[in-house]
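In UniProt numbering, the protein residues as written are 1 to 589.
Here it is as structure tokens:
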């Protein structure tokens, strides 16, 4: 039997060791290592922190090509618990923190009472009073096969421009790419106050192609700023990964400068230079090699769409990061705006909160919930062409939710028309036999008289977008134009926000008018559970919101009035007054 860390095993050749049983442990085992070593022999992945003596879990014999490598199930004498931030067990498939209990768990750290108190905690699941469990700091989830999968360290989570990111999740996506052998993803702090996600890999893959592929699988903020090929991963003398020896990123120009030729190339080069703070940009320079990241990519695309009157999607810049390549892409019809049906707005631990879009069909405003919630926030977005009813829309949303999370249980939230659809999605999920544990709606007004459903204009949608980011537009006469909204954004909002493209605003207008009619025709089903309402004050329709919804809920309906208008409910300033109440509603058993 051979016992090695995954990094050390990756440096060895399996040839001539066919009779060896390989046990790896001590660090995360990438799927590529399983593909390398598992064929023709028994390979086991073992897990066990020092505080639990030796091993607390062992996997079944590993099979190549099976995806994320399991760390296994408890060994004899050990108990493993996957818990959320309030020490509650999480369901299968949901990420939580791993706690280890059993006879192998130590008593604490020698002469470190403070650290002992934070890591060796009382075990609420023990049969013997005084039983302790060790808080590992590892993020894991239970698979349907009864084995744990390792995601990464809880203390390795990084926050980059407001988004919580687990580098291990990015690394897992990168390791699945063709031509990639070993992977490590870290947050580098080469520039104070500007952390950037960087991926290192061994193999023969092209970094530009990898970045473009990742952009199709991950939210934009999780795509590494740089992907650096290296000959091998650096190891410490103990055979573990030495992150300090990973090379720094060298941002800069290509060796030869080539001036832009066409007017489109000249415009793109000027936009690149302005956003990145450079004097000039060669048409062969990659935007990301020059130091661009996912956030500045959004600003570049916004500037391109405004200047050239196009509808380029952000993903196009990942596909074609040079001025030359992007200029060619601009002539292609497939470069138009893209709305993804499910967008992860925040990573986290515990049950995801699925957020249904308001009338415009876009869920970006739910990012403002991030300061108040630790759970994953997942936005649903309206890509359905001409739905004929709220029930049809709810069925499509339920499909998307169960594709993202097949097991459940589910917690749902919606603002405005999103609250109406969230209720119907809850009904739909229950009819499918799923469990909906929480339903929260922010001012979900049912339209009972179709004649009151006024037509939504582009000006109305632009005002709603501005209100969502806390920008007042009183200085302009109505109707508000797209260029006026852009000016306000540039003057008053942090540079991290970019106004959606003109085409996307037009899509939101079309969605809003469709959904007004669907709302007026909708007859809600009956939700068997508890519904929590947050109502804007004063009430727009004059109706009693709680009384209106009580007939469609076979359970308690609780209402919390909020001192803001309907349009301001997801405004950061308004959320300061009731964001903690939303968290409390999610925490209720």
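Glycine is no exception: its CB is placed at the ideal position from the N, C-alpha and C atoms. Since this is a predicted model, take the numbers as computed values, not measurements.
With 16 other Cβ atoms within 10 Å as the buried cut-off, status of residue i
i	result
residue 86	exposed
residue 115	exposed
residue 172	buried
residue 167	buried
residue 522	buried
residue 99	buried
residue 287	buried
residue 376	buried
residue 54	exposed
residue 292	buried
residue 508	buried
residue 110	exposed
residue 13	exposed
residue 321	buried
residue 236	exposed
residue 63	exposed
residue 66	exposed
residue 388	exposed
residue 136	buried
residue 310	buried
Beta-carbon gap between residue i and residue j smaller than 8 angstroms
i	j	result
residue 243	residue 165	no
residue 395	residue 380	no
residue 148	residue 80	yes
residue 75	residue 142	no
residue 532	residue 585	yes
residue 126	residue 154	no
residue 368	residue 456	no
residue 414	residue 422	yes
residue 417	residue 519	yes
residue 315	residue 216	yes
residue 219	residue 343	yes
residue 43	residue 61	yes
residue 571	residue 359	no
residue 378	residue 420	no
Opening and closing residue of the alpha helix (DSSP H) in which residue i lies
i	result
residue 110	Segment: none, residue 110 is in no alpha helix (DSSP H) and carries neither H nor E.
residue 265	263-276
residue 367	Element bounds for residue 367: n/a, residue is neither H nor E.
residue 37	31-37
residue 546	545-550
residue 7	6-10
residue 374	First-last for residue 374: undefined, no H or E at that position.
Straight-line gap, residue i to residue j (C-alpha atoms, nearest Å)
i	j	result
residue 32	residue 8	14 angstroms
residue 319	residue 208	8 angstroms
residue 335	residue 501	Low confidence applies to residue 335: its pLDDT is 48, below 50, so where it sits in the model is not reliable enough to give any reading.
residue 481	residue 525	39 angstroms
residue 328	residue 561	53 angstroms
residue 250	residue 200	13 angstroms
residue 46	residue 73	10 angstroms
residue 296	residue 275	7 angstroms
residue 446	residue 557	16 angstroms
residue 495	residue 298	Residue placement at residue 495 is poorly supported in this model, since its pLDDT is 43, which falls under 50; the coordinates still yield a value, given next. Cα-Cα distance, rounded: 10 angstroms.
residue 435	residue 579	25 angstroms
residue 575	residue 355	16 angstroms
residue 313	residue 301	7 angstroms
residue 124	residue 103	16 angstroms
residue 77	residue 38	28 angstroms
residue 478	residue 460	9 angstroms
residue 5	residue 40	20 angstroms
residue 25	residue 229	25 angstroms
Nearest-angstrom beta carbon gap, residue j and residue i [assumed within contact, 8 angstroms]
i	j	result
residue 443	residue 566	5 angstroms
residue 225	residue 268	Between residue 268 and residue 225 the Cβ distance is about 20 angstroms, and since that is not below 8 angstroms, they are no contact.
residue 397	residue 437	Not really, about 17 angstroms apart at Cβ, beyond 8 angstroms.
residue 182	residue 233	5 angstroms
residue 248	residue 190	6 angstroms
residue 180	residue 205	5 angstroms
residue 323	residue 265	5 angstroms
residue 278	residue 290	7 angstroms
residue 527	residue 554	7 angstroms
residue 471	residue 489	7 angstroms
residue 94	residue 52	About 23 angstroms; that fails the 8 angstroms criterion.
residue 373	residue 353	7 angstroms
Continuous beta strand (DSSP E) stretch holding residue i: start and end
i	result
residue 411	410-415
residue 150	148-153
residue 533	531-536
residue 402	Segment 390-404 is the alpha helix (DSSP H) holding residue 402; no beta strand (DSSP E) there.
residue 346	342-346
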